[in-house]
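In the working numbering, the protein residues as written are 931 to 1222.
Cβ atoms here follow ideal geometry from the backbone N, Cα and C, with glycine treated the same way.
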Amino acid sequence: MERKNFIKSIAVGALSMTTLSAFKNFTDNLQEEEHMMPVLFIGHGSPMNGIEDTEFSRRWTQMAKEIPAPKAVLVVSAHWLSRGTRITAMDFPKTIHDFGGFPKELFAVQYSAPGDPLLAKETAKLIHSTQVELDHDWGLDHGTWTVVRHMYPHANIPVLQLSIDYTKPPQYHYDLAKELFALRKKGVLIIGSGNMVHNLRMAAWDRLNEQFAYDWAGKINDQFKDLIQQGDHKALINYDKLGKEAMLAIPTPDHYLPLIYSLGLKGSKDDLSFFNDKAVAGSLTMTSVKIG
């Protein structure tokens, strides 16, 4: 072997060993915790909750004080739909203002939490049902930052997002969520961010700031809660068989599927409770779930 090729092979080998060593150190640092992290499903509602002091945002702040401090946060947001499954893998995810018609103060928000490329790689390796692509273009959309900035205002905890493959049925997402279970043992807080009942076309926007539900919205939200308490995940996965109220509540599945992810992460011994259990604008419910 020529001397220059020999030196090159040594350098490449050293680099590979350095990379492997760094990854091993990272996974060693994510030791299994004595207690598993809980899982949350959060009804995020209007983007204005991201900057306003509301009963919902105050409860998010309080929730962060009630649960163990996470080593990282992984969010499945209703606002990142993709063909295939992707996970943010950049060092510093950008703040995405994916909305229009709101005050300039909302567009000025920058939530500068770091990402965690090594955790992204480890998470991708946990998922065997599909190939997970490491994403360097997305960031933190308002399904994530409007909630997490109230929970962790210092932005000192890594935050990642996992996309929702819009081409797949609910059962696929439920099964994929189960593959993420090991992260709960390593101090990662997983949040599904959406809304159980989310029909913007029927919303009474003049009643956004008061508790108000149409009869059908209240009925199906109560049914969802009953099924969650009963552990009847099959019925929740097959929501299209729950009648016309379910179809009104879920005209498109984007805001409902984060709930399916959260339910898929429930362990057999996990308790669950509801919070922010209110409806606004007639056709939106903020009902949220704590698992574990």
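Reference residue i; option with closest CA among the options
{"i": "LEU1090", "options": "TYR1096, PRO1100, ALA1043", "result": "ALA1043"}
{"i": "LYS1051", "options": "ILE1017, GLY1161, LYS1171, ILE997", "result": "ILE1017"}
{"i": "LEU1036", "options": "ASN979, GLN992, VAL1006", "result": "ASN979"}
{"i": "TYR1186", "options": "MET967, HIS965, PHE971", "result": "PHE971"}
{"i": "LEU1110", "options": "LYS1220, LEU1056, GLY1014", "result": "LEU1056"}
{"i": "GLU1175", "options": "SER987, MET1126, ARG1137", "result": "MET1126"}
{"i": "HIS1058", "options": "GLY973, ALA1107, HIS1163, SER987", "result": "ALA1107"}
{"i": "PRO1188", "options": "GLU985, THR1074, ALA1008, SER976", "result": "ALA1008"}
{"i": "GLY1161", "options": "MET993, ASP1201, ASP1170", "result": "ASP1201"}
{"i": "SER1203", "options": "SER976, MET993, THR984", "result": "MET993"}
{"i": "PRO1100", "options": "GLY1030, ALA1133, TYR1191, THR1215", "result": "TYR1191"}
{"i": "GLU996", "options": "PHE1205, SER1213, ILE981", "result": "PHE1205"}
{"i": "LYS1116", "options": "LEU1049, HIS1066, ASP1152", "result": "LEU1049"}
{"i": "ILE981", "options": "MET966, ASP1028, PRO998, PRO1033", "result": "PRO1033"}
{"i": "ALA999", "options": "GLY1030, HIS965, HIS974", "result": "HIS965"}
Distance CB(residue i)-CB(residue j) smaller than 9 Å
{"i": "SER1218", "j": "ARG989", "result": "yes"}
{"i": "VAL885", "j": "SER1123", "result": "Because the chain in this structure spans residues 931 to 1222, residue 885 falls outside the shown range and cannot be described."}
{"i": "GLY1045", "j": "MET1020", "result": "yes"}
{"i": "ARG1114", "j": "VAL969", "result": "yes"}
{"i": "GLY1069", "j": "ILE1121", "result": "no"}
{"i": "ALA1147", "j": "LEU1178", "result": "yes"}
{"i": "LEU1119", "j": "LEU1004", "result": "yes"}
{"i": "PHE1142", "j": "VAL1210", "result": "yes"}
{"i": "TRP1010", "j": "ASP1105", "result": "no"}
{"i": "ASP1095", "j": "GLY1014", "result": "yes"}
{"i": "HIS1103", "j": "PRO1181", "result": "no"}
{"i": "LEU1064", "j": "PRO1088", "result": "no"}
{"i": "PRO1083", "j": "THR991", "result": "yes"}
{"i": "SER1012", "j": "LEU1138", "result": "no"}
{"i": "ALA1060", "j": "LEU1092", "result": "Contrary to the premise, residue 1060 reads as Thr rather than Ala in this sequence. Not a contact, by the Cβ cut-off of 9 Å."}
{"i": "LEU1172", "j": "ILE1158", "result": "no"}
{"i": "PHE986", "j": "MET1216", "result": "yes"}
Neighbour flag for residue i against chain D, beta carbons, 9 Å
{"i": "LEU1011", "result": "Although the question refers to chain D, the structure presented lacks it and comprises just one protein chain."}
Three-state secondary structure assigned by DSSP to residue i
{"i": "VAL1210", "result": "strand"}
{"i": "GLN1159", "result": "helix"}
{"i": "LYS954", "result": "Below a pLDDT of 50, predicted positions are generally treated as unreliable, and LYS954, at 49, falls in that range; the measurement from the model is reported next regardless. Helix at LYS954."}
{"i": "SER1192", "result": "helix"}
{"i": "ILE981", "result": "coil"}
{"i": "PHE1029", "result": "coil"}
{"i": "LEU1073", "result": "It should be pointed out that residue 1073 corresponds to Gly in this sequence rather than to Leu. If DSSP states are grouped into helix, strand and coil, GLY1073 belongs with the helices."}
{"i": "LYS1051", "result": "helix"}
{"i": "GLY943", "result": "Low confidence applies here, because GLY943 scores a pLDDT of 49, under 50, leaving its location unreliable; read the following figure in that light. The answer is helix: DSSP assigns GLY943 an H, G or I state."}
{"i": "SER1012", "result": "strand"}
{"i": "ALA1043", "result": "coil"}
{"i": "ALA1002", "result": "strand"}
{"i": "THR948", "result": "Only weak support is given to the placement of THR948: the predicted model assigns it a pLDDT of 44, under 50, and the question is left unresolved by the model."}
{"i": "THR991", "result": "helix"}
{"i": "LEU1178", "result": "helix"}
In DSSP terms, what residue i is bridged to
{"i": "ASP1065", "result": "THR1018"}
{"i": "ILE1221", "result": "VAL969, LEU1202"}
{"i": "SER1007", "result": "SER1123"}
{"i": "THR1215", "result": "ALA1209"}
Open item on the list: My parser needs the beta strand (DSSP E) runs of 3 or more residues fully inside the region 1083–1149; what are they?
Closed with: 1089–1095, 1118–1124
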